[in-house]
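Chemist: Shown below is the structure under consideration.
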Amino acid sequence: MTGSAESRGVPIITVKPRGTSSTCSICGSKLIENIYRRLRCPRCGFEADRDTVAALNIEKRALEKMGGSLTTPTAPQMTDVDPNR
Ligand SMILES: [Zn+2]
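Under the numbering used here, residues 97 to 181 are what the sequence shown spells out, in order.
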């Protein structure tokens, strides 16, 4: 019997990338694809490309798993431009 890290109770941070590229990393809403690879949150106005969203969400999930919490979102503040002006 070989004792692997898993059976020894060592915490392993595994984050499944599934769904991370389509969820808002700030409010958790489903993101809408604007232009190619560009996602926008209809609720809070967060906007980023797919890779950035996925990276942010993976980071967030990893932190949550470790028991930490994100007090301030690391996402850059975007100026909300009203298209119907
Ligand atoms: Zn949002």
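Glycine included, each C-beta is placed from N, C-alpha and C at the ideal position.
1) Should F142 and S121 be called a contact, given that it needs their Cβ atoms to be closer than 9 Å?
2) Classify V149 as buried or exposed, calling it buried when 16 or more other Cβ atoms lie within 10 Å of its own Cβ.
3) In the DSSP assignment, find the alpha helix (DSSP H) that holds L127 and state where it starts and stops.
4) Ligand 1: which residues have Cβ under 5 Å from any of its heavy atoms, chain order?
5) Write down the C-beta distance between D145 and L135 rounded to the nearest angstrom, noting that I regard them as a contact closer than 8 Å.
6) Which two residues bound the contiguous alpha helix (DSSP H) that contains R133?
7) Pull up the DSSP beta-bridge partners for E143, would you.
Modeler: Quick answer:
1) yes
2) Classified as buried, V149 has 16 or more neighbouring CB atoms from the shown chains inside 10 Å of its CB.
3) Per DSSP, L127 belongs to no alpha helix (DSSP H) and is neither H nor E.
4) C120, I122, C123, S125, C137, R139, C140 and F142
5) 7 Å
6) It is not in any alpha helix (DSSP H) - R133 carries neither H nor E in the DSSP assignment.
7) R136
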